[in-house]
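For reference, the structure is listed below as structure tokens.
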Amino acid sequence: MDSDFDMMKMFCEKHDDQMYELAEKMRDVRLLQKEPNLGSDEYDRLEQEFQKFTDQALERKKWYVENCV
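Count along the sequence shown from 1, add 667, and you get the number used in this note's numbering.
Here is the structure:
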């Protein structure tokens, strides 16, 4: 039984780390969007990338809440 708990704890910790990585990627995208020489096509591409990261973060958050909290 302890091994199941330990395994789940490990999954939750890894998931937590992945959430931080996604947050960093999202922050980086927002910083890139503030570049003064950025064209509208590049801005739109970055916005799509930001939305992809947001969707992933929401999925991971849901899993984390269901399994780790």
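C-beta: ideal position from N, C-alpha, C; glycine also. It should be emphasised that the depicted structure is a prediction, and the values quoted were computed from it without experimental measurement.
Rounded to whole angstroms, the gap between the alpha carbons of T721 and Q685 is 13 Å. For a cut-off of 8 Å, the C-beta gap from Q700 to L713 is around 5 Å, short enough to register as a contact. Listed in chain order, the non-local C-beta contacts of Y710 below 7 Å within the same chain comprise Q700, local neighbours out to five positions each way being set aside. Shortest Cα-Cα distance from K692 to any of Q718, N704, M675, D673 involves Q718. Boundaries of the alpha helix (DSSP H) around N734: 707-735.
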